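Undergrad:
Residue numbers (UniProt numbering): 1 to 373.
1. Near residue 245, what residues of its chain come up, given a Cβ to Cβ distance below 8 Å and the 5 sequence neighbours on each side ignored?
2. Put residue 366 into one of helix, strand or coil per three-state DSSP.
3. Using three-state DSSP, classify residue 312 as helix, strand or coil.
4. In whole angstroms, what is the alpha-carbon distance linking residue 58 and residue 143?
5. Give a yes or no on whether the C-beta atoms belonging to residue 63 and residue 77 are separated by under 7 Å.
6. Among residues of its own chain, excluding the 5 on either side of residue 90, which ones have a beta-carbon nearer than 8 Å to its beta-carbon?
7. First and last residue of the alpha helix (DSSP H) that includes residue 296?
8. Tell me the residue span of the beta strand (DSSP E) that contains residue 168.
9. What residues in its chain sit with their C-beta under 6 Å from that of residue 207, if we drop five residues either side in the sequence?
10. Any idea which residues DSSP pairs residue 154 with across the strands?
11. What residues in its chain sit with their C-beta under 6 Å from that of residue 348, if we drop five residues either side in the sequence?
12. For residue 334, decide whether its Cβ has a neighbour in chain B, counting only Cβ atoms nearer than 7 Å.
13. Determine whether the beta carbon atoms of residue 108 and residue 48 lie at a separation below 7 Å.
14. What is the C-beta distance between residue 98 and residue 149, in whole angstroms, given that I count them as a contact (C-beta under 8 Å)?
15. Please state whether DSSP places residue 332 in a helix, a strand or coil.
16. How far does the beta strand (DSSP E) with residue 104 in it extend, from its first residue to its last?
17. Just tell me which of 82, 61, 80, 84 has its CA closest to the CA of residue 73.
18. Determine whether the beta carbon atoms of residue 261 and residue 289 lie at a separation below 7 Å.
19. Under the three-state reduction of DSSP, which class applies to residue 28: helix, strand or coil?
20. Could you spell out the range, first to last residue, of the beta strand (DSSP E) harbouring residue 215?
21. Between the beta-carbon of residue 319 and the beta-carbon of residue 211, is there less than 7 Å?
22. Between residue 376 and the rest of its own chain, which residues show a CB-CB distance below 8 Å, the 5 nearest in sequence each way excluded?
23. If you draw a straight line from the C-alpha of residue 101 to the C-alpha of residue 94, how long is it?
24. Can you find the residues in the same chain that come closer than 7 Å, C-beta to C-beta, to residue 214, ignoring five residues on each side of it along the sequence?
25. Here's the rule: buried if 16 or more other CB atoms are within 10 angstroms of the residue's CB, otherwise exposed. What is residue 285?
26. Between residue 274 and the rest of its own chain, which residues show a CB-CB distance below 6 Å, the 5 nearest in sequence each way excluded?
27. Compare the C-alpha of residue 361 against each of 138, 324, 346, 198 and name the closest.
28. For the beta strand (DSSP E) holding residue 265, just list the boundary residues, first then last.
29. Is residue 287 helix, strand or coil when you go by DSSP?
30. Do you know offhand how far residue 161's Cα is from residue 81's?
31. Does the beta-carbon distance from residue 328 to residue 264 come in below 7 Å?
32. What residues are listed by DSSP as bridge partners for residue 80?
33. Starting from the Cα of residue 171, find the closest Cα among 154, 141, 232, 85 and give me that residue.
34. Whole angstroms are fine: how far does the CA of residue 326 sit from the CA of residue 279?
35. From what residue to what residue does the beta strand (DSSP E) around residue 238 run?
36. Suppose the cutoff is 6 Å on Cβ atoms and the five residues either side in sequence are ignored; what does the same chain contact list for residue 304 look like?
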């Protein structure tokens, strides 16, 4: 008897769940149909939704931290659109051979086309050609009240290691006022302000951003708090930074009670031989390291560590005796701990060798570009 009741209960539960799912699907479809039927009268594009998050079946309310009230939350409207056809976007700009007029009239889709022209047409690739030849490229939009508009560009670039490479573009207004229209306004895209884009990474703005990120990590990320500096591990050697360049030296003695926090530099050796620790210069470097002998990548790592208030940095070529096989074997086996227990790892990913600085002016392709609606 109990088995029959259990089976009946499970069957009833499944029916209710199925009914609930069916109701949700019906509601979703109903909203989609309503949007498509009323979009024309409201002047709203069926492709890009006028770059607004309102009145779409995928519109949702999202709770986010309240900037004006630490620890509090606020609710904002958000819309994510995926797999937008670049063909549909181009139809809003390219003329119809029969009429000479665009197949669709949407200035927001045309704005996206103009933006893609600015970033994805060069001597090697063109997003227009990729579209015309029906290559698998598509667009996604992340539209959120008070936030910059994020445009996901899938397949617009070539990457031999990624099947469908993605590039994200961030759109924001130049003025001091965010573009946050009312839900009934059809003529203004939703874009919030963003931080000022520095033309060089050696700027107070960039270092302030790094410090803010690290502070947030230390305060809010419990996993990071538990990982950094675990087990009392300290590398055998560290480059001591001191107050200025005159204090630079290799340090090997650490008191058990010292709370040592260090940065670890990850860099590419390239084909050249960087300045390194050897048996013959060990004594000298224990007393003083002449910063003028260090390559730009090392100096950049030191700069970042100092900006974060750190007194030590680990650099492989300076903290492992490079011509001592035994020392190299021991220290190489400890590198996993050196990096995992570092307070922060500075990665000079853009430097192909130690002679190439990774702090400096941004490449032109990474600088902001201006477009008009």
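The beta-carbon is built from N, C-alpha and C at its ideal position, and this holds for glycine as well. Because the structure is a prediction, the values reported are computed rather than measured.
TA: Quick answer:
1. Looking up residue 245 in the chain shown gives position 245. Hits under 8 Å: 291.
2. Start at 1 with the first residue of the chain shown, and residue 366 comes out as number 366. Of the three classes helix, strand and coil, the one that applies to residue 366 here is helix, per DSSP.
3. Position 312 of the chain shown, counted from the start, is the residue given in the question as residue 312. In the structure shown, residue 312 sits in a strand (DSSP, three-state: E or B).
4. As a position in the chain shown, residue 58 is number 58, starting the count at 1. As a position in the chain shown, residue 143 is number 143, starting the count at 1. Between residue 58 and residue 143, the C-alpha separation is close to 11 Å.
5. Taking the chain shown and counting its residues from 1, one reaches residue 63 at position 63. Taking the chain shown and counting its residues from 1, one reaches residue 77 at position 77. No.
6. In the chain shown, the residue the question calls residue 90 occupies position 90. Within the same chain, residue 90 has close Cβ partners 113, 128, 131.
7. Walking along the chain shown from the start, residue 296 turns up at place 296. Its alpha helix (DSSP H) spans residues 296–307.
8. As a first step, residue 168 must be located in the chain shown, where it is residue number 168. Its beta strand (DSSP E) spans residues 166–171.
9. Translated into positions along the chain shown, residue 207 becomes position 207. Only 307 meet the Cβ criterion.
10. As a position in the chain shown, residue 154 is number 154, starting the count at 1. The partner list for residue 154 (beta bridge, DSSP) reads 138, 166.
11. Working through the chain shown from its first residue, we reach residue 348 at position 348. The residues are 267, 297, 358.
12. The displayed structure is made up of one protein chain only, and chain B is not part of it.
13. Translated into positions along the chain shown, residue 108 becomes position 108. Translated into positions along the chain shown, residue 48 becomes position 48. Yes. Within cutoff.
14. The count along the chain shown starts at 1 and reaches residue 98 at position 98. The count along the chain shown starts at 1 and reaches residue 149 at position 149. At roughly 34 Å, the Cβ-Cβ gap does not stay under 8 Å, so residue 98 and residue 149 are not in contact.
15. The sequence position of residue 332 within the chain shown is 332, counting from 1. DSSP places residue 332 in helix when its eight states are reduced to three.
16. Counted from its first residue, the chain shown places residue 104 at position 104. Careful: residue 104 lies outside any beta strand (DSSP E) and carries neither H nor E.
17. Here residue 73 refers to the residue found at position 73 of the chain shown. With distances taken between Cα atoms, residue 73 lies closest to 61.
18. Taking the first residue of the chain shown as position 1, residue 261 is located at position 261. Taking the first residue of the chain shown as position 1, residue 289 is located at position 289. No; because the gap between Cβ atoms is not below 7 Å, this pair is not in contact.
19. As a first step, residue 28 must be located in the chain shown, where it is residue number 28. Low confidence applies here, because residue 28 scores a pLDDT of 48, under 50, leaving its location unreliable; read the following figure in that light. Helix at residue 28.
20. Taking the chain shown and counting its residues from 1, one reaches residue 215 at position 215. Note, residue 215: premise wrong, no beta strand (DSSP E); alpha helix (DSSP H) at 204–220.
21. Residue numbering aside, residue 319 sits at position 319 when the chain shown is read from its first letter. Residue numbering aside, residue 211 sits at position 211 when the chain shown is read from its first letter. No, Cβ-Cβ distance for residue 319 and residue 211 is not below 7 Å.
22. No answer is possible for residue 376: it lies beyond the span of the chain, which begins at 1 and ends at 373.
23. Indexing the chain shown from 1 puts residue 101 at position 101. Indexing the chain shown from 1 puts residue 94 at position 94. About 8 Å.
24. Sequence index remark: in the chain shown, residue 214 carries index 214 (1-based). Closer than 7 Å at the Cβ level, and outside the excluded window around residue 214, lie 308, 344.
25. Translated into positions along the chain shown, residue 285 becomes position 285. Buried is the call here.
26. The sequence position of residue 274 within the chain shown is 274, counting from 1. For residue 274, where only same-chain residues beyond five positions count, the Cβ hits under 6 Å are 295, 317, 354.
27. Here the question's residue 361 lines up with position 361 in the chain shown. For residue 361, the nearest C-alpha among the options comes from 198.
28. Here residue 265 is taken as the residue at index 265 of the chain shown, counted from 1. Its beta strand (DSSP E) spans residues 262–266.
29. Stepping through the chain shown from its first residue, residue 287 is reached at position 287. If DSSP states are grouped into helix, strand and coil, residue 287 belongs with the helices.
30. What you label residue 161 is simply residue 161 of the chain shown in a count that begins at 1. What you label residue 81 is simply residue 81 of the chain shown in a count that begins at 1. The alpha-carbon atoms of residue 161 and residue 81 are separated by roughly 26 Å.
31. Within the chain shown, residue 328 is the residue found at index 328, counting from 1. Within the chain shown, residue 264 is the residue found at index 264, counting from 1. Contact: no.
32. As a first step, residue 80 is located in the chain shown; it is residue number 80 there, counting from the start. Paired residues: 142.
33. In the chain shown, the residue the question calls residue 171 occupies position 171. Looking at the Cα atoms, 141 is the closest of the given residues.
34. By 1-based counting over the chain shown, the position of residue 279 is 279. By 1-based counting over the chain shown, the position of residue 326 is 326. Approximately 12 Å, taken between the alpha carbons.
35. As a position in the chain shown, residue 238 is number 238, starting the count at 1. 238–240 is the extent of the beta strand (DSSP E) around residue 238.
36. Working through the chain shown from its first residue, we reach residue 304 at position 304. Around residue 304: 346.
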